[in-house]
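For reference, the structure is listed below as structure tokens.
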Amino acid sequence: MSSHIVNHIQIHVFRFYFKLDHSNSLAFHLFLLSTLNTMDDSLYDEFGNYIGPEMESDQDSERDSDGDADDNADEQSDGGGAVSDGEGPSNGWMTTISNELENQVVLAEEKKYYPTAEEVYGEDVETLVMDEDEQPLELPIIKPVRNIKFEVGVKDSSTYVSSQFLVGLMSNPSLVRNVALVGHLQHGKTVFMDMLVEQTHHMSTFDSQSEKHMRYTDTRIDEQERRISIKAVPMSLVLEDTNSKSYLCNIMDTPGHVNFSDEMTAALRLADGAVLIVDAAEGVMVNTERAIRHAIQERLPIVVVINKVDRLITELKLPPKDAYHKLRHTLEVINTHISAASSIAGDVQVVDPVAGNVCFASATAGWSFTLQSFAKLYGKLHGIPLEANKFASRLWGDYYFHPDTRAFKKKPPATGGERSFVEFVLEPLYKIYSQVIGEHKKSVETTLAELGVTLSNAAYRLNVRPLLRLACSSVFGPASGFTDMLVQHIPSPRDAAIKKVDHIYTGPKDSSIYKTMTQCDSYGPLMVNVTKLYPKSDCSVFDAFGRVYSGKIQTGQTVRVLGEGYSPDDEEDMTVKEVTKLWVYQARDRMPVAEAPPGSWVLIEGVDASIMKTATLCNVDYDEDVYIFWPLQFNTLSVVKTATEPLNPSELPKMVEGLRKISKSYPLAVTKVEESGEHTILGTGELYLDSIMKDLRELYSEVEVKVADPVVSFCETVVESSSMKCFAETPNKKNKITMIAEPLERGLAEDIENGVVSTDWNRKKLGEFFQTKYDWDLLAARSIWAFGPDKQGPNILLDDTLPTEVDKNLLNAVKDSIVQGFQWGAREGPLCDEPIRNVKFKIVDAKIAPEPLHRGSGQIIPTARRVAYSAFLMATPRLMEPVYYVEIQTPIDCVSAIYTVLSRRRGHVTADVPQPGTPAYIVKAFLPVIESFGFETDLRYHTQGQAFCMSVFDHWAIVPGDPLDKSIVLRPLEPAPIQHLAREFMVKTRRRKGMSEDVSINKFFDEAMMVELAQQAADLHQQMM
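When we follow our numbering, the leftmost residue of the sequence shown carries the number 31, and every step to the right adds one.
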């Protein structure tokens, strides 16, 4: 027993030793030494290791073991711990030593004194442990749910049909119509949607006596405050035609301001037809024309709604005869623009009230009709069984009603008479308006009674506009004529699929995916085109809005998200996500659904993380190669630029994250970081950037942001051919490339950008195009290598070498590298790192090393870029600036003031014409974008607020002056002369980007080239002497 006692004493000593701070305890060392000296030396080996006494019998060993266990138990008990039998976890709160590990030394920091959070709260509870000094006191450890009030909510909104009925219509593509409402600013698109919403929704919050518009699809608070639409918002409405048959109409309300035309582009991509809203008084304006051209480019049929017809009555006070001519002229102008746009696209459409693709309406008064629905209304009122289509065909054009023969003829009756549209349509309409506005109650009652309408006494006590709205909506009924127009002239998703898929799908037309999409097959592979992203209520993530072309998308489904840079050969831009929720988007409300069939529009949650602008969703396990849908093709450019930085530099990551969300939310917004480190945002105009900055500050970053003065994007070009053949050698001196640069033919850059010509064509077709339209020789036309800086870039790279002088096999071996160098150079020009435009680069000679090791891409790409720069600089480089097309609506007495304001800003008027049927004039002008900042305010000041302008990018123009003229001295705070502008723009742009003021020739020219240049300069100087 003595040996066991000594053993335990030793264990206690060692444990006590490890518990004390032995580095400073001399007394402890003395105690330990005296204790060891009193112990039996036979228990230790020559090295001082404890070996214990000699082994005894098994029974004694077992007894001794039991004793040790008891002693250990007592020891643990004295220490305040619990005993563990070594089998399974301890039930106590401190870990103990098992029998097998009785001699193990347990440190204090290894002991478990307290239970874990998982043992206390359970496995399903997430616990956070944070110290108080980890973050500022004003920030909570666990933040509350963030909810930003940026949208207008809706209460007690329900449709007159059940959600099950709507979902049932979705599953039948023949009963679905997908359309986009497009048109000019303030022509009534949103108010027209209000009229449809009121006819399909039961809204307790709607006040029929109010003269204010609900603007239901203007869901954002700033849209309500500005009184304009900023975002395209969809709604799915169940509308009835004149035969009381229900159709599901997916309608996208788009902004009318030209700055937000990117929203219209996203809407047209999802639609099968365009509904063009035109103000009857203003007629065709700038964005009306652009909407027509854009819809034709997207190969969509167009139907027209002539809105605000009552303005001809109440504002312009036109007689019915003149009102007819005004409406007829508006339709003629629309057809002229459709014909001009269709000359490129192909099929020529014609809008004609007789054909049924024109609807007349006043959304503020709550009525609309087509000639066919008006003819049916006549038959219903008079109880005459007439053929509506035949009657409707006589209600437009030069038809006159002869009462004696009760027939319609081309010639007026002998006693005189008005055209049938004036007599049967406009005169009754004028009578309703004149009676309600100007007559007393009895006269109004009589007039309405003739039309089969009876109103209550309370209705006659309403104000004029609510009474007029009630009377007209009672006479004309719901918008069944509008539904008839959509059903007859807008194809269903199944009927439109072939033309739609052929236009937007990049894959081969003989693939099974292409066939299932053209058949709108719900059992085929999933294909969804996402074109819009809508933020959640906390603005942290987005929901993706798209259209299903084949298959069914379901909640809980795992899909592949293909970005704009995806291709079967390069799958980097691809992620796999799970669809967590699906909705039918109803502007201010969302209707959850379990699945969405082909032809339907759907809002998708859970797939937005990798989407920047547009995306393609498809099945995960599909074996065949899947191609993406084309990215959106916009009809304008982002040319206005501003730099931003956070007020507090530590909040830069928040601002960067906000800029990323801005790029998701605005289709045409471009955010990038310059070499100087500044973050820039590009937009279409001042209003566009103002909306972006408001969202950046209040929704997406919530930080104070400083904004620089707006500037514009420039382009670089040449006006002559290179004065000499420019060459560059690779760093290893084994390869040499020679190029020249010259301007492109006029109009060719625009054709490339608009997709009129493509490098995807075969060489024969490509050669015929350039040979016939631009008079190129066939050899040059078939030698096109690439467009730059991308597939639709406005520059061309040609192989102009001769087979007798250059080894074509070696040159083709480095073709891809040369193309990459050319596109790199075209993306960032040598003058001020702006894109090159309208330049043709020709490879005239090349010496390529035969060994692949010596002609790698690392050698060729930077050399091709450098030789392109040198050829560019030797071809008289110039700077190009963007130019706005400005349309100004003004009274005649303000025209001279407009000329004055434009001349001060380098602008010039191209036309000033009277607006038919109105006292206003339309002034059309061109204005450099860099001179447009503050132009609208200046214009209103000089015209006392009577002029209203719309500006949209039109073309690029060469800036006057030579940007490389070093003799020009730029003086601060003084306006530069016109011929110095190019130099001023280049120098200031380079300064802003952190570059040196002048272009360094040594950077782009080889030493041998410099020697040759010097020799040429000397020869030229000698000739001049």
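Glycine included, every Cβ here is placed at the ideal spot set by N, Cα and C.
Query                                                                                                              : Result
Reference His709; option with closest CA among Pro679, Glu1037 and Asn289                                          : Pro679
Test item: CB-CB of Glu961 and Arg935 under 8 Å                                                                    : yes
Per-residue DSSP class, three states only, for Lys261                                                              : coil
Segment contact, 8 Å Cβ cut-off, at least three pairs: the stretch 904 to 920 with the stretch 796 to 812          : no
With 16 other Cβ atoms within 10 Å as the buried cut-off, status of Arg257                                         : exposed
For Met769, three-class secondary structure by DSSP                                                                : strand
Spatially closest choice to Glu1037 from Arg908, Glu475, Tyr463 and Glu759, by CA coordinates                      : Glu759
Residue of Gly797, Ser743 and Leu357 minimising C-alpha distance to Val989                                         : Ser743
C-beta atoms of Asp271 and Val517 nearer than 8 Å                                                                  : yes
Endpoints, beta strand (DSSP E) assigned at Phe290                                                                 : That residue, Phe290, is in no beta strand (DSSP E); it is neither H nor E in DSSP.
Buried or exposed by the 16-neighbour rule on C-beta atoms within 10 Å, applied to Asp90                           : The pLDDT assigned to Asp90 is 48, lower than 50, so where the model puts this residue is not dependable, and the model offers no usable value.
8 Å Cβ cutoff met for Val609 and Thr585                                                                            : yes
Within the stretch 678 to 730, ranges of the beta strand (DSSP E) (whole runs, at least 3 residues)                : 700 to 703 and 709 to 713
Interface flag, Ala950 vs chain D, CB-CB below 8 Å                                                                 : The chain labelled as chain D is not found in the depicted structure, where only one protein chain is given.
Residue from Leu73, Glu168 and Gly964 whose Cα sits closest to the Cα of Val741                                    : Gly964
Euclidean distance between Cα positions of Leu957 and Glu1014                                                      : 19 Å
DSSP-derived helix/strand/coil call for Trp123                                                                     : Here the model assigns Trp123 a pLDDT of 44, short of 50, so the residue's position is not dependable, and the following value carries that caveat. Reduced to three states, the DSSP call for Trp123 is coil.
Backbone secondary structure at Arg970 - three-state DSSP                                                          : helix
Beta-carbon proximity list for Ala673, same chain, < 6 Å, skipping 5 on both sides                                 : Glu708, Thr710 and Ala738
According to DSSP, residues forming a beta bridge with Tyr914                                                      : Leu957 and Phe983
Span separating the alpha-carbon of Gly593 from that of Phe451                                                     : 53 Å
According to DSSP, residues forming a beta bridge with Arg250                                                      : Glu181
Backbone CA spacing between Asp302 and Arg207 [nearest angstrom]                                                   : 7 Å
Bridge-paired residues (DSSP) for Lys439                                                                           : Tyr430
Span separating the alpha-carbon of Lys347 from that of Tyr460                                                     : 10 Å
Residue range of the alpha helix (DSSP H) that includes His533                                                     : Pro523 to Ile534
Those runs of the beta strand (DSSP E) which lie wholly inside the stretch 751 to 824 and span at least 3 residues : 756 to 759, 766 to 773 and 814 to 818
Inside the stretch 268 to 356 only - beta strand (DSSP E) runs reaching at least 3 residues                        : 276 to 283, 303 to 309 and 332 to 337
Per DSSP, the bridge partner or partners of Lys872                                                                 : Ile770 and Leu828
Outcome for Met10 when other beta-carbon atoms lying within 10 angstroms are tallied against a minimum of 16       : There is no way to answer for residue 10, as the model of the chain reaches only from 31 to 1055.
Continuous alpha helix (DSSP H) stretch holding Ser743: start and end                                              : Segment: none, Ser743 is in no alpha helix (DSSP H) and carries neither H nor E.
Inter-residue Cα distance where the pair is Arg896 and Asn280                                                      : 53 Å
Alpha-carbon to alpha-carbon, Asn1032 and Val1041                                                                  : 11 Å
Length-filtered (3 minimum) beta strand (DSSP E) runs lying within the stretch 374 to 424                          : 388 to 392 and 397 to 399
Cutoff 7 Å; reference Tyr151; Cβ partners in own chain excluding five residues on either side                      : Thr157
Opposing strand residues paired with Gly213 [DSSP bridges]                                                         : Ile307
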